[in-house]
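**Q** Can you keep this structure in mind? I'll have questions shortly.
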Amino acid sequence: MDDPLLRARVAIPEHVVRRRFAEESIALNLRTGQYHGLNATADEILDALAAGAAPEQVARAIAERTGAPPGRVSEDVLGLLRALAERELVEIHERDAG
16 MDDPLLRARV
26 AIPEHVVRRR
36 FAEESIALNL
46 RTGQYHGLNA
56 TADEILDALA
66 AGAAPEQVAR
76 AIAERTGAPP
86 GRVSEDVLGL
96 LRALAERELV
106 EIHERDAG
């Protein structure tokens, strides 16, 4: 899979607040006032992306840890990223070359 989004840099905007609870996490978009539930895997992905990992690195690590097919994990990570971007919970930037 060669989607440029896999190499993107992902940031959590200042208008997004995240909180963890026992079974799930939430992300609150302060601009819209909407809460969005995140399961443990989505929260883990968001943590790794916020720490600077590229989506392809996150997908590879999850696939290696779980034994899931890498292509399917990449598709799942891309789907999550697109859904989060649509809800303005992440900002997606091209990664600087170099």
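Using this note's numbering, the first residue of the sequence shown is number 16, and each one after it goes up by one.
Just so it is clear, CB atoms sit at the ideal spot from N, CA and C, and this is done for glycine as well.
Taking the Cβ atom as the reference point for each residue, do L45 and H30 lie within a distance shorter than 9 Å?
**A** Cβ atoms of L45 and H30: closer than 9 Å.
**Q** Can you tell me the Cβ-Cβ gap for L104 and P70, rounded? I've got them flagged as a contact below 8 Å.
**A** The pair is not a contact, with the Cβ atoms about 15 Å apart (cut-off 8 Å).
**Q** Could you tell me which of R35, I60, P84 sits nearest to R97, measuring between CA atoms?
**A** Of R35, I60, P84, the residue nearest in Cα terms is I60.
**Q** What residue from A68, A42, V92 has the CA that sits closest to A78's CA?
**A** Nearest C-alpha to A78: V92.
**Q** Nearest CA to the CA of L95: which residue from D58, E39, A76?
**A** Among D58, E39, A76, the Cα nearest to that of L95 is on D58.
**Q** Decide if V88 is buried, meaning its Cβ has at least 16 other Cβ atoms within 10 Å, or exposed.
**A** Buried, since its Cβ has 16 or more Cβ neighbours within 10 Å.
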